[in-house]
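Enquirer: Each residue of the sequence shown is one higher than the one before, counting from 3 in our numbering.
Take a look at the following structure, please.
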Amino acid sequence: MRASATVQIAWDDGRLQDLPEAELRRACRCADCTAQRRSTMQPGVAQPAAHLVTIHPVGQYGIQLVFSDGHERGIYPWPYLRSLMQSFTQGAQTSSGKK
């Protein structure tokens, strides 16, 4: 079994952001994942064992993440990744009872 892994981003302002691979997979905004979320009204679903295989830069725009479940269609723009930091932090606080 693979330990929970994160992608760490060092921002220009000095902040470090750790984003869990599983959450990144669920947060994919490609057309297929977006359509699935709209039709089921549930977050994206990744295979339980899916993990990040590689990261491709997409110019100055962001990164493309390739996952072990074969998913490689999503491009994650830098502003979107930055916004995920806030949403993941809020979700963790809510699930732990903090506000």
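Backbone N, C-alpha and C define an ideal beta-carbon position, used for all residues, glycine too.
Can you tell me which residues form a DSSP beta bridge with Val9?
Expert: Partner(s): Leu21.
Enquirer: Suppose contacts are defined by Cβ-Cβ distances below 8 Å. Is Leu18 in contact with Leu83 by that definition?
Expert: In this structure, Leu83 does not lie closer than 8 Å to Leu18 by Cβ.
Enquirer: Does the distance from the C-beta atom of Arg39 to that of Phe69 stay below 8 Å?
Expert: No, these two residues do not count as a Cβ contact at 8 Å.
Enquirer: Under DSSP, the beta strand (DSSP E) around Gln66 begins and ends at which residues?
Expert: Start and end: 64–69.
Enquirer: Can you find the residues in the same chain that come closer than 7 Å, C-beta to C-beta, to Glu23, ignoring five residues on each side of it along the sequence?
Expert: Counting only Cβ-Cβ distances below 7 Å, and skipping sequence neighbours, we find Ala7, Thr8, Val9, His53, Leu54.
Enquirer: To the nearest angstrom, how far is it from the Cα of Ser41 to the Cα of Pro79?
Expert: Cα-Cα distance, rounded: 24 Å.
Enquirer: Between Gly72, Ser85, Asp14, which has its C-alpha nearest Thr56's C-alpha?
Expert: Ranking Gly72, Ser85, Asp14 by Cα distance to Thr56 puts Gly72 first.
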